[in-house]
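Heads up: the sequence shown begins at 10 in the UniProt record's numbering, then just goes up one per residue. Quick reminder that beta carbons are idealized off the backbone N, C-alpha and C, glycines included.
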Amino acid sequence: PSVIHRADYRPPAWRVPELALDFDLDPAATRVRATLSVERGGAHGEPLRLDGEGLTPLAVRVDGVAVNDWWMEGERLVVPLAGDAHRVETEVEIAPDRNTQLMGLYASGGNLCTQCEAEGFRRITFFPDRPDVLTVYRVRMTADARRFPVLLSNGDPVGQGELPDGRHWAEWHDPFPKPSYLFALVAGDLAVNRGTFTTRSGRVVQLGIWVRAADLPKTDHALHALKLSMAWDERVYGREYDLDVFNIVAVDDFNFGAMENKGLNIFNSRYILADPDTATDYDYDAIAAVVAHEYFHNWSGNRITCRDWFQLSLKEGFTVYRDQGFSADQGSPAVKRIEDVRGLRASQFPEDSGPLAHPVRPEAYLEISNFYTATIYNKGAELIRMMATILGPQSFRAATDLYFDRFDGTAATCEDFVACMEEAGGIDLSQFRLWYSQAGTPRVSASLEHQAGGGRATLRLAQHVPPTPGQPVKQSMVLPLRLRLFGAQTGQPLTDEQLVLLDQPSKTIVFETVAERPVLSINRGFSAPVVVESDRSPADLAFLSAHDDDPFARYEAMQQLMLDTLVAGALGDAADHQGVVDAVARTLDGPDLDWAFLAEAVLIPSENFVGDQLAVVDPQGIHTAREALRQALGTALADRWRALYDQTGQGAYTYSPEAKGKRRLRGVALGYIAASGAPDAADLAFRQFEAADNMTDRQSALSTLVNLGGPACQAALDRFYTRYAGNALVLDKWFQTQALSSRDDTGAVVAALARHPDFTLANPNRARALIGAFGVNQRAFNAADGSGYRFLADQLIALDRLNPQTAAKLLPPLGRWRRFDAARADLMRAELQRIVAVPGLSRDLYEQASKSLE
Ligand code: B3K
Ligand code: ZN
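Dropping the structure here:
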C-alpha cells in the first residue's frame, strides 16, 4: 500500500463546478449516471483522473458522445480531454445491499443511505474524490414508491413526481458548492418529526428528524437540541443557517457518531433516539452534543472545508471546541470541563504516548479513516482553546469572524486559521504552531519554594516533550498555564490568577511579599493539555481540593491525591487511605452542593488512568489497590453514602440539571455502598433496578449488580434482556455493561456473549458494545494467559472482512504492549503479527497493526 504525504499536495488538475447525479435506486442493483462539467485548472496537459473503488464504467461520454479512449489506472478512470471545458458522463452499477463496509451507498434496516467522508463517494460514482474540488450538485433519485416513499438529498427539494410501475422520483439541488464527502442521499420508509427555526435575519427553516415510525416519540430531545444549537451559533459565533431545510436521518448501522452532510445530516440512531425509559442522562447529553457538533459543521466544515485530509483538525478540532462550548452553556461549565478532560486523558493521552501517536496535523497516512482520532478531534480542540485563552474572548471572536469571512466558500488549511488568530489578535503564534506539528503530551514540572523570612516565593517551571514515533527530538512549545497562589493557613488567595506562557525549556517566576506559606494552583481549568508534575504534598492537594476557587482545580487536586494513593498501592507500598478519606469527607460536607460536581469530585480515577502513570502496568495490582481504596471510602464514609443515597432519591423522573446531578451522585453513592461490602448492597441495587422509572437509575443499578455478581445480578440481567428485547440500542448497554464488569470471570463471559444470538459484527454499535468495551477493561483484557488478546485478534480478523474501518478502530488496546511486562508484551505482539499476516487484510487494519508492532 502506498503512503500519502502532506508535502505532496498539488491543486486539482481539473475543477468540477457542476455535477448532475441520476440514481435509479434498488438495493441489489442501483444505476448511477453522473454528468460532470469539468474545467481545466491552469495550463497543463493532464487527462481527467476520476477516483473509483469497486466500480466498472458501463459507459463514458464526452460532450454527449460515447468515447472509448479512456483507460483505467488501477481503480481510477482516466479520460483524455482536448479542450479546457467539457461535459463528461459516466454510468456505473452498484449493490448497496452487499456493502458491509457502510461506506458509499448502503442498506440499513431496509432503507438506503450514504456515508461519503472521507473517501466513500468514489464507491458511488467516478469523481475527483478530494475535499478541494467544490461542486454544485443536482441529484435525481428514482425508486419504488412503496419501499422508498421518502427520497432525500442535500440542499432544497426542487421537484417530485409519480412514474408508471409504482416508481416515483424526487430531485434536490444544493446551491452551495461542496466537496464530494458532503454528498448524501436517503431513500426509505421514514416518519418525520418536524419543526421550524427562524434565523435572526428572518429566514424560516423547515427542520425534520427522520426515523422509522415506531421511533418517532424518541425524537423530541434531538429536535430541541437542534433548535438550541442554531440559536447558539448565531449568538456566540454570529453564524446563521443558509438553506430553507435542514434534515437529520437516523440509521442503525453507522461507522461512527454522525455525519454533517450539507443540509442532510445522517446520524447513528444512538445519537438521536431518547426517552427516559431507554436513554441515560449521559445519552441525552451526548445526543445534544453530537446534534450541535454536526450542525456547527455547517460553517466550520461545510462553508469552509479542508484543502486536504491532513487539515482534518481544521474542521474537527474547531467544531469539537464549539460543541464543548455549547454543552458548557447548557448546564455546568465546570462539570463539562471535567468530563472533557477525563475523556482526553482516557483516549488522547494514551494515543499520544503510544505507537499510533501523530501530530494534530499529520505528515503521512496510509488510510485516512485511521486519522479520525482523539488527537485530531480532542487535542485539536485543546489547541483552539489555548489560542482562545491567549487571545481573550473579544479578540478570539474577531479572529473567528475574520476566518469565516475570509475563507467562506473555500477549502482552507490549519495555517489559514492560525494566521487569522494572529492577525485579529495582533500576536505572533510562530512557536505556537509547534502544537500542530509535534506529537506527544508535554510534561511540565512545577516546584514552589518559599523563603519564610523574606516573604518571597519562587516558582520553577520546566517543560519536556517526550519522543514519539518519527520525532525523537522535540522543541519547546508554548504552554499557557493559568495559575494562582493560596495561603496555606488562611485559605485565602495570595495572588490574582495569572496566565503564564511557558515557551522556554524552563522559567522562574518570583512572587514578592508572600506572607504565609503559599500553595500552588496550576493549569487551572486545564488551560494547557499537558501533564503537570508538582512537588505538592498530600496535605496541599487536600487543601486545594477544599479551598481552590477554580472548580476544575479543586477536582484536579482531589484526583491527584487519589492517583498518588492508588499508584503507591499498586506499587505495593503500604497504602495510606486516610488522606483521601478525609478529603472526600470534607468535600461531601462542604457548603457548595452542586450534585454533579460532587459526583465527579469523589469518583476515583479509572484503572486505565492509574496504569498510565506506571512504568509497567500491573493490571491485577492496580485493580486490587483501587478496590481497596473504594472499600476504604465506602466503609469509612458509610453513613454519608447512605444519607446521600436517600437524599438524592427523587419522585417521578424529571429532566433538569438538578435532577440529572442527583441521579449521577446517587449512582456514585450506590457504588460506594457496594464497595463497602455492606450485606444489603445487592438488595438495595436490585430494588433500585426494579423501581427505576428511567434508564439512568436502572443502568447504574445494573452496573453495580454486574460487578457484585450472584443471583441478583443474573436476575437483573435476565429482566433487562427480556424487557428490552428488540431494542438494539438498549441491548447494546446489556452487552457493554457485562464487558466492563470488574468481576474475575469477565473474559469468559465476554467470549460467551460473542456467541450469543443477538451478537453480530455486522452492526458497528453492537461490535463496539462488546469488543470495544472489553478492550478498555484493563484487567479482563490483560489476563495473564493472553486469552483476552487472542479473543480481540480473532474478532478483529473476522470484522475486518466485513468492515475494515470499524475493525481498525478497535485495534489500539493490542498496541499497548510496551507498557506491560515482557510476558504480556510477547503475547500481544504475537497477536499483532497474526493479524498482519492475514491474507487480504484491509489497508485500515494493516496500517494500525503494523504501526503498533514498530
Ligand atoms: N465528519 C464526521 C466523521 C467522519 C468519519 C469518517 N471516517 C463526523 C463528525 O466529525 O462530525
Ligand atoms: Zn466533526
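Not a single heavy atom of the ligand B3K lies less than 7 Å from the C-beta of E98. Straight through space, the alpha carbons of P66 and Y330 are spaced by roughly 43 Å. Residue range 39-49 is occupied by the beta strand (DSSP E) that includes V47.
Only residues of its own chain outside the window of five on either side were considered, and among them L823, L836, M837, E840 have a CB closer than 7 Å to the CB of Y798, listed in chain order.
For D621, the secondary structure class from DSSP, reduced to helix, strand or coil, is helix.
Sequence-distant partners of P364 (beyond 5 residues in either direction) whose C-beta falls short of 8 Å from its own C-beta, in its chain, are P478, G824, R827, K860, S861, L862, E863. When C-alpha distances from L805 are compared across A789, A846, A831, the shortest belongs to A846. Looking at the DSSP output, W178 sits in a beta bridge with T151, G170. G462 is not a Cβ neighbour of Y386, given a cutoff of 8 Å.
In the three-state reduction of the DSSP assignment, P821 falls in the helix class. For T596, no beta strand (DSSP E) encloses it; the enclosing alpha helix (DSSP H) starts and ends at 587-598.
Not one heavy atom of the ligand B3K sits closer than 7 Å to the Cβ of Y280. Distance between L646 and A594, taken at the CA atoms: about 7 Å. Set against 7 Å, the gap from the CB of S309 to the closest heavy atom of the ligand B3K is not smaller. Note that the segment 118-128 does not touch the segment 16-29; fewer than 3 beta-carbon pairs, one per stretch, sit closer than 8 Å.
For the pair A637 and A584, the CB atoms are nearer than the 8 Å cut-off.
With 16 or more other Cβ atoms inside 10 Å of its own Cβ, N786 counts as buried. Proximity to Y445 across L111, R452, E424, G434 peaks at E424, based on C-alpha coordinates.
Cα atoms of S322 and G334: separation of roughly 17 Å, rounded to the nearest angstrom. For the ligand ZN, no non-hydrogen atom lies closer than 7 Å to the CB of T731. W80: member of the beta strand (DSSP E) spanning 80-82, first to last residue. Distance from the CA of T517 to the CA of R469, rounded to the nearest whole angstrom, comes to 5 Å. P166 and R42 have their alpha carbons spaced roughly 19 Å apart. Every beta strand (DSSP E) of 3 residues or more that sits fully in the segment 86-160 is shown, in chain order, as 94-103, 113-117, 120-124, 144-153. Rounded to whole angstroms, the Cβ separation of A605 and R673 is 5 Å, and the two are in contact under 8 Å.
The DSSP-derived three-state label of Y654 is helix. Taking each of L726, G211, F192 in turn and checking the Cα distance to E699, the smallest one comes out for L726. In the three-state DSSP reduction, H302 falls in the helix class (H, G or I).
Burial state of L45 is buried, judged by a 10 Å Cβ sphere holding 16 or more other Cβ atoms. Here W308 carries a coil assignment [DSSP, helix/strand/coil]. Straight-line spacing of the CA atoms in V715 and G164 works out to 48 Å. With at least 16 other beta carbons inside 10 angstroms of its own, P137 counts as buried. For the set L711, M268, S615, L508, the Cα lying nearest the Cα of L490 is the one of L508. In the three-state reduction of the DSSP assignment, V847 falls in the coil class. The criterion of a C-beta distance shorter than 8 Å is not satisfied by L854 and A807.
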